[in-house]
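Quick note on the working numbering: the sequence shown kicks off at 69 and runs consecutively.
Every residue, glycine too, gets a C-beta built ideally from N, C-alpha and C.
This one's a predicted model, so the numbers in the text were calculated from it and none came from an experiment.
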Amino acid sequence: MTQLLSLARAAQLIGVTRGSLQEKIRNGELAAFDGMVTSEELLRVFPDIEIEVSGAFEHVTRIKEQAFGKRVRQRMLPSQEVLAQRLFAQSQELDSVRRHLARYHELLGRLSERVAAMGDAGRDLGVMLDDGLALVLGSQDKDDTVAVMDEILRVITAQVTVRPSGHEFFVEGSETILEAALHAGLAPAYGCGNGNCGLCKARVVSGETRQIRNTDYPLSEVERTQNYKLLCSHTAVSDLVIEMVEAQSAADIPEQQIVAKVKSVSPLDAHTFLLHLQTPRTNRLRFMAGQGVTLGYAGGSVDFRGDYPLASCPCDDRNLLFHVTRADAEAGDGFAARLFAGAVHAGDAVDVWGPYGDFVLKPESGRALAFLCCDAGFAPVRSLVEHSLALDVFPAITVCWAATRPGGQYLANQCRAWADALDGFDYLPVEAIDAATAGRAAVERLAGMRGLAECDIYVAGDEAFVAAAVADLNSAGVPEDRIAATVL
Ligand code: FES
Numbered sequence: 069m070t071q072l073l074s075l076a077r078a079a080q081l082i083g084v085t086r087g088s089l090q091e092k093i094r095n096g097e098l099a100a101f102d103g104m105v106t107s108e109e110l111l112r113v114f115p116d117i118e119i120e121v122s123g124a125f126e127h128v129t130r131i132k133e134q135a136f137g138k139r140v141r142q143r144m145l146p147s148q149e150v151l152a153q154r155l156f157a158q159s160q161e162l163d164s165v166r167r168h169l170a171r172y173h174e175l176l177g178r179l180s181e182r183v184a185a186m187g188d189a190g191r192d193l194g195v196m197l198d199d200g201l202a203l204v205l206g207s208q209d210k211d212d213t214v215a216v217m218d219e220i221l222r223v224i225t226a227q228v229t230v231r232p233s234g235h236e237f238f239v240e241g242s243e244t245i246l247e248a249a250l251h252a253g254l255a256p257a258y259g260c261g262n263g264n265c266g267l268c269k270a271r272v273v274s275g276e277t278r279q280i281r282n283t284d285y286p287l288s289e290v291e292r293t294q295n296y297k298l299l300c301s302h303t304a305v306s307d308l309v310i311e312m313v314e315a316q317s318a319a320d321i322p323e324q325q326i327v328a329k330v331k332s333v334s335p336l337d338a339h340t341f342l343l344h345l346q347t348p349r350t351n352r353l354r355f356m357a358g359q360g361v362t363l364g365y366a367g368g369s370v371d372f373r374g375d376y377p378l379a380s381c382p383c384d385d386r387n388l389l390f391h392v393t394r395a396d397a398e399a400g401d402g403f404a405a406r407l408f409a410g411a412v413h414a415g416d417a418v419d420v421w422g423p424y425g426d427f428v429l430k431p432e433s434g435r436a437l438a439f440l441c442c443d444a445g446f447a448p449v450r451s452l453v454e455h456s457l458a459l460d461v462f463p464a465i466t467v468c469w470a471a472t473r474p475g476g477q478y479l480a481n482q483c484r485a486w487a488d489a490l491d492g493f494d495y496l497p498v499e500a501i502d503a504a505t506a507g508r509a510a511v512e513r514l515a516g517m518r519g520l521a522e523c524d525i526y527v528a529g530d531e532a533f534v535a536a537a538v539a540d541l542n543s544a545g546v547p548e549d550r551i552a553a554t555v556l
């Protein structure tokens, strides 16, 4: 039986990225109708796929495990109540299908009797009817398996379609709708993440939600009548259509001031520390991947401040990661100097101001992504890569990480894990004697891997690296609007 599937659901079923399906649609290899594909068409283009209960899940889980930190993995079953509600809804559908089937059976019985009553005149018609029925009832093809898998996924996850953007994402496990939107790489409007501010309220156009967290924010009578819900405190019971405000650009993200606690300080190599800050549960940092903040000691003088790009994904807005380098400390950055002096400890309070900067993704382009970074320029690139994996709309990703000292790619294992786990992901390490040489070498290495004109290219590093890389990209004819750069 032909089944219509959303692109997001089709990608989830066969264990490929949404970006790769979109590319096939653009190339005319896969037919789509109003953003939907049929199960038959899916099997025509992917004839060798093995749709097994474990297959799709294992693939997606493997990607998530390798691509994301432990904290953002929440692929668990929904709560018993939500599961029970979804199973009840499916039972109702099944019951309706059974009643229809019984009527068709009755109809077929009467038809057979009529044909039999026609005697010889109806013999050919009778044979045709029997053959047709045998064919339909005897067929057990992959198309049926797609339908079965889709039903299973509908019990485990709920699909949310956002208006007016048309974005789609899945609510898994015991996630709130807000958490699921962030994990999917969207930029919904929100504030506290805890039911206090009301900034996450959105109208549920269709589908059923369930409140799973207490809230203090009172929705007005009119809002309740119009079915507004706080996304930070509700999960999806069924597939939903919601009207949700989303940030269109970095300018839509408000500046915030938060006091976070140092969770840990750990060396990445002899020149770089990983600083892990955790915000209060009720006051998280809303930011876009690629943006930065100012860090300072709570109540400290301006000497203890420093500007850093976030190295973590906006989908985990409580756990903020930074790569702080010895070069920062030597350049007079007060915060880095204090950290390298061993004076920053777990539990310390740190002021966070921001976010700032517009070194952010342009998901609407749909082009392949290439990231060129040098030394700690990897920090914003790590955030952007995690965000692009969550968005799942880019056909290919290349990270070219240039180091100006031997082995300076302090998270090379992370890059190799991405390349191993993800189709269309390439990691290109480069070493060079200085930043300017590194910029030229990175462009040359990228050009050897894929056509520069196919990509949106993001460049991050010190001034000499960015200047050299951008100059070579310009000389190679890459249009200005396909290059984004940040100087650290
Ligand atoms: S984010 Fe503040 S109430 Fe939901």
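Would you kindly check if the distance between the Cβ of residue j and the Cβ of residue i is under 8 angstroms?
i, j, result
"V428", "M356", "yes"
"G87", "P146", "no"
"H360", "P382", "Looking at the sequence provided, one finds Gly at residue 360 rather than His. No, these two residues do not count as a Cβ contact at 8 angstroms."
"A318", "D396", "no"
"L155", "V223", "yes"
"T303", "I245", "yes"
"A480", "C442", "no"
"G402", "R373", "yes"
"C483", "V498", "no"
"D524", "R508", "no"
"L559", "V216", "As displayed, the chain neither begins before 69 nor continues past 556, which places residue 559 out of reach and without an answer."
"N351", "C260", "yes"
"E464", "A436", "A quick correction: the sequence has Ala, not Glu, at residue 464. Contact: yes."
"G253", "H455", "yes"
"I310", "V228", "yes"
"V453", "W486", "yes"
"S334", "A414", "no"
"W421", "T362", "yes"
Where does residue i fall in DSSP's three states?
i, result
"H339", "coil"
"R278", "strand"
"S74", "strand"
"M517", "helix"
"I224", "helix"
"Y285", "coil"
"H302", "strand"
"D307", "coil"
"C268", "coil"
"N351", "coil"
"L39", "Absent from the structure is residue 39, since the part of the chain shown begins at 69 and ends at 556."
"M186", "coil"
"Y478", "coil"
"V534", "helix"
"F403", "helix"
"V333", "strand"
"T106", "strand"
"A436", "strand"
At the level of alpha carbons, what is the spacing between residue i and residue j?
i, j, result
"A552", "L162", "52 angstroms"
"F341", "T393", "6 angstroms"
"A471", "G445", "10 angstroms"
"Q316", "A255", "8 angstroms"
"E289", "Y296", "10 angstroms"
"G83", "A248", "19 angstroms"
"S75", "R231", "The question names Ser, but residue 75 in the sequence shown is Leu. Distance between the alpha carbons of L75 and R231: 16 angstroms."
"A124", "R354", "Only weak support exists for where A124 lies, its pLDDT of 42 falling under 50; the value from the coordinates is given anyway. So the alpha carbons of these two residues sit roughly 32 angstroms apart."
"G177", "D218", "32 angstroms"
"A257", "S233", "13 angstroms"
"C265", "C300", "10 angstroms"
"L389", "G529", "18 angstroms"
"G200", "E109", "23 angstroms"
Under 8 angstroms between C-beta atoms, does residue i make it to chain D?
i, result
"G177", "The chain labelled as chain D is not found in the depicted structure, where only one protein chain is given."
Which one or two residues does DSSP pair with residue i in a beta bridge?
i, result
"C260", "Bridge partners of C260: none, in fact."
"W469", "C441, P497"
"A590", "With the chain represented from 69 up to 556, any question about residue 590 goes unanswered, as that position is not in the structure."
"Y365", "V418"
"K430", "According to DSSP, which records beta bridges pairwise, K430 is partnered with nothing at all."
"I93", "Looking at the DSSP assignment, I93 forms no beta bridge with any residue, so it has no partner."
"V216", "According to DSSP, which records beta bridges pairwise, V216 is partnered with nothing at all."
"E161", "Its beta-bridge partners do not exist; DSSP assigns none."
"T554", "A528"
"I326", "V420"
"R231", "E311"
"N387", "Q346"
"Y376", "V361"
"E240", "T225"
"C523", "A436"
Can you tell me whether residue i sits near the ligand SAM, meaning its C-beta is under 7 angstroms from at least one heavy atom of the ligand?
i, result
"L298", "The model on display carries the ligand FES but not the ligand SAM."
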